[in-house]
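Everything on this sheet refers to the single structure shown next.
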Amino acid sequence: MSVLDDHMVDKHGRRMRKLRISLLDACNLRCLYCMPEHPVFMPQKDWASAKELMHITRNLVALGIEEVRLTGGEPLMRRDFLEIVDELSTLPVKKLGLTTNALLLAPYLPLLQHTKLQQLNISLDSLNAENFMRITRRDAFKTVMDAIFTAKTLGFAIKINAVIMKGVNDHELTAFVEWSAMNDIPVRFLEVMNIGVMKSQFQERFLSAFDMKTILKEDYQLSRLNDTPDSTSRNFRVSNGAKVGFIASESNPFCAGCSRLRLTPKGYIRPCLFMEEGIDLKALALEDYSEMLPTLMAMKPIRRIPHQPQPMYQIGG
Ligand code: SAM
Ligand code: SF4
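According to this note's numbering, the sequence shown holds residues 2 to 318 in order.
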């Protein structure tokens, strides 16, 4: 434990042990709950370099971060993605994960096998090619499904993230549960969040985790599994053998147990997904963190902030 370790605990006793690094805001899909059809992405020159990301992450790991996850935008679109993963693999972290839409994943898999990055959260909002295209606005279903099964065969730990929306894919809940049991891959159902582009259609599309469970309980029994105190999902074993989770970011947010910090593509640290304020860490030396961390910890909210005008792809979901 570091001498600065106490600085990673806020006044509510929440210890920061997870870091989400958003590598860029750009993406090769246009999911209707995340992006406008014609988004404007930040210039590439504004991204923190692999070297800067490594400098920041090394410092945060020395201070107590135990798990690192790469996200975006679509993290696999960064040309230096493998360089970043190779560097991060040298750090003493317990877990290194990736959140991806899997469109570019397949060719990376054999290369990632030799790194610490073994946890893949893959976004898949439909098991039907047409509905997948309606949601993502791209014809990529087969590529994504092939990548999922290759990753499974190669032994990666996979979780599927499915954002469930009324009238869009809520009729697929049962199909996902059957698919999870058949393929032995856990599926997590996410409440759509009232954020960015979703704001105008949130009321129409929102389906609570409670309502999702009610639908599933018509056909299955759900038994609660033991989750870690800072788990974002509430997980269940289903009577058909499937493992499912519910991420109730809107109806039952997990702020009280939150252990996460977020690093933006520009190298700013943010205490919460819902805060636009951040602190630039690119040039900060380890010895200067003792001054910075109390400010950061004091910024971290204890309750869900109702509004986030920035869309998810810009903050890194
Ligand atoms: N492109 C990668 C992907 O889709 O997995 C990583 C970035 S994406 C922003 C991370 C996660 O945020 C995805 O699981 C996505 O479904 C989720 N997400 C984006 N917008 C959301 C919203 N409005 N409500 C709920 N989840 C959202
Ligand atoms: Fe891209 Fe992920 Fe947003 Fe979909 S959810 S548009 S894949 S960043």
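Idealized CB from N, CA, C, for every residue including glycine.
Check: What does the shell around the ligand SF4 hold, if a residue joins when its beta-carbon is under 5 angstroms from any heavy atom?
Finding: Selection output, chain order preserved: CYS28, LEU30, CYS32, CYS35, MET36, ASN102 and TYR314.
Notebook entry, point to check: Under the criterion of a Cβ to heavy atom distance below 7 angstroms, does SER232 qualify as lining the ligand SAM?
Noted result: If you number the sequence shown from 1, residue 232 lands on position 231. No; taking the cut-off as 7 angstroms, the Cβ of SER232 has no heavy atom of the ligand SAM nearer than that.
Check: In the structure shown, what three-state DSSP assignment does GLN222 receive?
Finding: Here residue 222 refers to the residue found at position 221 of the sequence shown. Three-state result, GLN222: coil.
Next item on the list: Examine the ligand SAM and report whether any of its heavy atoms sits within less than 7 angstroms of the Cβ of LEU191.
Entry: Your numbering for residue 191 matches position 190 in the sequence shown. Yes, since a heavy atom of the ligand SAM falls inside the 7 angstroms radius drawn around the Cβ of LEU191.
Next item on the list: Taking only runs that begin and end inside the region 176–222, name each unbroken alpha helix (DSSP H) of 4 or more residues, in chain order.
Entry: List check, alpha helix (DSSP H) in window: 203–206 and 210–218.
Next item on the list: Using the Cα positions of GLY14 and HIS8, report the straight-line distance between them to the nearest angstrom.
Entry: Start at 1 with the first residue of the sequence shown, and residue 14 comes out as number 13. Start at 1 with the first residue of the sequence shown, and residue 8 comes out as number 7. Those two C-alpha atoms are separated by around 11 angstroms.
Notebook entry, point to check: Any heavy atom of the ligand SAM closer than 7 angstroms to the CB of GLU75?
Noted result: Position 74 of the sequence shown, counting from 1, holds the residue named residue 75. True, at least one ligand heavy atom lies under 7 angstroms from that Cβ.
Item checked: Pick from CYS28, CYS273 and PHE237 that is closest to ILE306, judged by C-alpha positions -> Working through the sequence shown from its first residue, we reach residue 306 at position 305. The residue with the shortest Cα to Cα distance from ILE306 is CYS273.
Margin query: Counting C-beta neighbours from all protein chains within 10 Å, is the total for ARG194 16 or more, i.e. buried, or is it exposed?
Written below: Numbered from its first residue, the sequence shown carries residue 194 at position 193. The residue asked about is misnamed: residue 194 is Met in this sequence, not Arg. Counting Cβ neighbours within 10 Å, MET194 comes out buried, since at least 16 surround it.
Next item on the list: Starting from the Cα of SER209, find the closest Cα among GLU251, VAL10 and THR154 and give me that residue.
Entry: Residue 209 sits at position 208 when you count from the first residue of the sequence shown. Of the candidates GLU251, VAL10 and THR154, the one whose C-alpha sits nearest the C-alpha of SER209 is GLU251.
Notebook entry, point to check: Which ranges would you report for the beta strand (DSSP E) in the region 264–310 if only whole runs of at least 3 residues count?
Noted result: 269–271, all fully within the region 264–310.
Check: Just checking, does the region 184–194 make contact with the region 243–261 on the three C-beta pairs under 8 angstroms criterion?
Finding: As far as the Cβ criterion goes, the region 184–194 touches the region 243–261, which means the pair count is three or higher.
Item checked: Spatial distance of MET298 from MET183 (CA atoms) -> Sequence index remark: in the sequence shown, residue 298 carries index 297 (1-based). Sequence index remark: in the sequence shown, residue 183 carries index 182 (1-based). MET298 and MET183: Cα-Cα distance of roughly 43 angstroms.
Notebook entry, point to check: Alpha carbon to alpha carbon, what distance is there between ASP185 and LEU20?
Noted result: Taking the first residue of the sequence shown as position 1, residue 20 is located at position 19. Taking the first residue of the sequence shown as position 1, residue 185 is located at position 184. Our two residues, LEU20 and ASP185, have alpha carbons roughly 28 angstroms apart in a direct line.
Next item on the list: Would you kindly work out how many angstroms separate the C-alpha atoms of MET55 and LEU92, rounded to a whole number?
Entry: Taking the sequence shown and counting its residues from 1, the one referred to as residue 55 is at position 54. Taking the sequence shown and counting its residues from 1, the one referred to as residue 92 is at position 91. Near 9 angstroms, if we compare the C-alpha coordinates of LEU92 and MET55.
Check: So what does DSSP say about ARG31, is it helix, strand or coil?
Finding: As a position in the sequence shown, residue 31 is number 30, starting the count at 1. If DSSP states are grouped into helix, strand and coil, ARG31 belongs with coil.
Note to self: Contact between the region 104–120 and the region 65–84 is defined here as three or more beta-carbon pairs at a separation below 8 angstroms; is this criterion met?
What the structure shows: The answer is yes - the region 65–84 touches the region 104–120, with three or more Cβ pairs under 8 angstroms.
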